[in-house]
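Chains as they are written, first to last, in my numbering: chain A, 700 to 815; chain B, 647 to 761.
Glycine residues also receive a C-beta, built at the ideal position from the N, C-alpha and C atoms.
Predicted model, so just to flag it, every value in this text is computed and none were measured.
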Amino acid sequence: EAEVAQSPRYKITEKSQAVAFWCDPISGHATLYWYRQILGQGPELLVQFQDESVVDDSQLPKDRFSAERLKGVDSTLKIQPAELGDSAMYLCASSLAFFGENTEAFFGQGTRLTVV
Amino acid sequence: AQSVTQLDSQVPVFEEAPVELRCNYSSSVSVYLFWYVQYPNQGLQLLLKYLSGSTLVKGINGFEAEFNKSQTSFHLRKPSVHISDTAEYFCAVSEEGGSQGNLIFGKGTKLSVKP
Numbered sequence: 700e701a702e703v704a705q706s707p708r709y710k711i712t713e714k715s716q717a718v719a720f721w722c723d724p725i726s727g728h729a730t731l732y733w734y735r736q737i738l739g740q741g742p743e744l745l746v747q748f749q750d751e752s753v754v755d756d757s758q759l760p761k762d763r764f765s766a767e768r769l770k771g772v773d774s775t776l777k778i779q780p781a782e783l784g785d786s787a788m789y790l791c792a793s794s795l796a797f798f799g800e801n802t803e804a805f806f807g808q809g810t811r812l813t814v815v
Numbered sequence: 647a648q649s650v651t652q653l654d655s656q657v658p659v660f661e662e663a664p665v666e667l668r669c670n671y672s673s674s675v676s677v678y679l680f681w682y683v684q685y686p687n688q689g690l691q692l693l694l695k696y697l698s699g700s701t702l703v704k705g706i707n708g709f710e711a712e713f714n715k716s717q718t719s720f721h722l723r724k725p726s727v728h729i730s731d732t733a734e735y736f737c738a739v740s741e742e743g744g745s746q747g748n749l750i751f752g753k754g755t756k757l758s759v760k761p
């Protein structure tokens, strides 16, 4: 069964260091999402891509976070420099389309980031 | 703007008992409604969704939910729970006609099923 792949599953980094997460969506899925889930909270959308273009990054803290999807397939989310408050689960999701019926999102296992 | 309120942060229940997890939403536009389940250190799995049509929606693992537009609610129910249902459950909304992946989530309800 096709699934969204994320790596690493767990990451520990020191404050002020750079950290990056990788996501490979389900093959053929044009839309990709990055969510952040702080412990005890629901996920919050950070950025949404349609192919290689950013559709929505209104909640992305752009002073330290960046996201790219250069060839419209896999994606990288980067934090530089990391802060203690960035400790969270980072979830990637993908959907077949942006509009219409085929927009159900499928989530990966997530990357658990701990900043020390 | 949309928001989702899950009224109970934790729900303990005995095995084979019924359970209801409550969800209310606020939105100035029509919405789609979803319930997701999350096991420890795992991603989210879709349980069920309401897009249109019948207000009673059946999902996986024996769960169902009913959309009540007048009360802006979408409560999740299961008539008899199992130990394996122990997990965190999230209610979410997205704008009707838009992407079902652009979601606003509630804070979650931890369901704990005891033997």
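| message | Is there a C-beta anywhere in chain A that falls below 9 Å from the one on VAL650 (chain B)? | response | Translated into positions along the second sequence, residue 650 (chain B) becomes position 4. Cβ-Cβ to chain A under 9 Å: yes for VAL650 (chain B).
| task | Indicate whether at least one CB of chain A lies closer than 9 Å to the CB of GLY754 (chain B). | result | For this step, residue 754 (chain B) is matched to residue 108 along the second sequence. Yes, GLY754 (chain B) counts as interfacial toward chain A.
| request: Sort out for me which residues DSSP pairs THR813 (chain A) with in a bridge. | output: In the first sequence, counting from the first residue as 1, residue 813 (chain A) sits at position 114. Paired residue(s): A:ILE711.
| task | Buried or exposed for TYR735 (chain B), please, with buried defined as at least 16 other CB atoms from any protein chain shown within 10 angstroms of its CB. | result | Working through the second sequence from its first residue, we reach residue 735 (chain B) at position 89. Counting Cβ neighbours within 10 Å, TYR735 (chain B) comes out buried, since at least 16 surround it.
| field | Nearest-angstrom Cα separation, counted from ALA647 (chain B) out to GLN758 (chain A) | value | As a first step, residue 758 (chain A) is located in the first sequence; it is residue number 59 there, counting from the start. As a first step, residue 647 (chain B) is located in the second sequence; it is residue number 1 there, counting from the start. Their backbone Cα atoms lie some 14 Å apart in a straight line.
| Interface flag, GLN746 (chain B) vs chain A, CB-CB below 9 Å | Numbered from its first residue, the second sequence carries residue 746 (chain B) at position 100. At least one chain A Cβ lies under 9 Å of GLN746 (chain B).
| field | Residue environment, HIS728 (chain B), which counts as buried when at least 16 other CB atoms sit within 10 Å | value | For the purposes of this step, residue 728 (chain B) is taken as residue 82 along the second sequence, with counting starting at 1. By the 10 Å Cβ count, HIS728 (chain B) comes out exposed.
| Just how far apart, CA to CA, sit TYR696 (chain B) and SER673 (chain B)? | To locate residue 696 (chain B), count along the second sequence from 1; it is residue 50. To locate residue 673 (chain B), count along the second sequence from 1; it is residue 27. So the two alpha carbons sit approximately 15 Å from each other.
| request: Take PRO725 (chain B) and list the residues in its own chain whose beta-carbon comes closer than 6 Å to its own, dropping the five residues that flank it on each side. | output: The residue given as residue 725 (chain B) occupies position 79 in the second sequence. Excluding sequence neighbours, PRO725 (chain B) sits near PRO664.
| message | Distance cutoff 9 Å, beta carbons only. Does TYR682 (chain B) sit that close to anything in chain A? | response | Counting from 1 along the second sequence, the entry for residue 682 (chain B) is found at position 36. Answer yes: the Cβ-Cβ gap between TYR682 (chain B) and chain A drops below 9 Å somewhere.
| query | From ALA711 (chain B) to THR730 (chain A), what distance separates their C-alpha atoms? | reply | Mapped onto the second sequence, residue 711 (chain B) falls at position 65. Mapped onto the first sequence, residue 730 (chain A) falls at position 31. Cα-Cα distance, rounded: 27 Å.
| message | Please return the same chain residues whose Cβ sits closer than 8 Å to the Cβ of ALA766 (chain A), not counting the five positions on each side in sequence. | response | Reading the first sequence from its first residue, position 67 is the one you call residue 766 (chain A). Same-chain partners within the cutoff: TRP733, LEU745, VAL746, PHE748, VAL753, ASP756, LEU759, SER774, THR775, LEU776 and LYS777.
| task | Run down chain B in chain order and give the residues with a C-beta less than 9 Å from the C-beta of TYR732 (chain A). | result | Counting from 1 along the first sequence, the entry for residue 732 (chain A) is found at position 33. Residues of chain B passing the Cβ test: SER745, GLY747, ASN748 and LEU749.
| In its own chain, which residues sit with a C-beta less than 7 Å from the C-beta of LYS770 (chain A), not counting the 5 before and 5 after it? | Here the question's residue 770 (chain A) lines up with position 71 in the first sequence. Counting only Cβ-Cβ distances below 7 Å, and skipping sequence neighbours, we find GLU751.
| query | If you compare alpha carbons, which of A:ILE725, A:PRO724 and A:SER786 is closest to GLN716 (chain A)? | reply | For the purposes of this step, residue 716 (chain A) is taken as residue 17 along the first sequence, with counting starting at 1. When only C-alpha atoms are compared, the closest one is A:SER786.
| field | Three-way DSSP call (helix, strand, coil) for LEU783 (chain A) in this model | value | One-based indexing of the first sequence puts residue 783 (chain A) at position 84. Helix.
| said: Between A:ASN801, A:PRO780, A:LEU790 and A:VAL772, which has its C-alpha nearest GLN808 (chain A)'s C-alpha? | reply: As a working note, residue 808 (chain A) is residue 109 in the first sequence. The candidate whose alpha carbon is nearest that of GLN808 (chain A) is A:LEU790.
| message | Against chain A, which members of the stretch 650-666 of chain B pass a CB distance test of less than 9 Å? | response | Answer in chain order: VAL650, GLN652 and SER655.
| request: Anything in chain A within Cβ reach of GLY708 (chain B), meaning under 9 Å, just list it in chain order. | output: Working through the second sequence from its first residue, we reach residue 708 (chain B) at position 62. Per Cβ cutoff of 9 Å: no residues; GLY708 (chain B) is ~20 Å from chain A at best.
| query | What is the rounded straight-line gap between the Cα of ALA733 (chain B) and the Cα of VAL677 (chain B)? | reply | Against the second sequence, residue 733 (chain B) aligns to sequence position 87. Against the second sequence, residue 677 (chain B) aligns to sequence position 31. Between ALA733 (chain B) and VAL677 (chain B), the alpha-carbon positions lie close to 25 Å from each other.
| Contact with chain B by GLY809 (chain A), beta-carbon distance below 9 Å | Your numbering for residue 809 (chain A) matches position 110 in the first sequence. Yes - at least one Cβ of chain B is within 9 Å of the one on GLY809 (chain A).
| query | Beta carbon of VAL675 (chain B), beta carbon of GLU741 (chain B): below 9 Å? | reply | As a working mapping, residue 675 (chain B) is identified with position 29 in the second sequence. As a working mapping, residue 741 (chain B) is identified with position 95 in the second sequence. For VAL675 (chain B) and GLU741 (chain B), yes; Cβs fall inside 9 Å.
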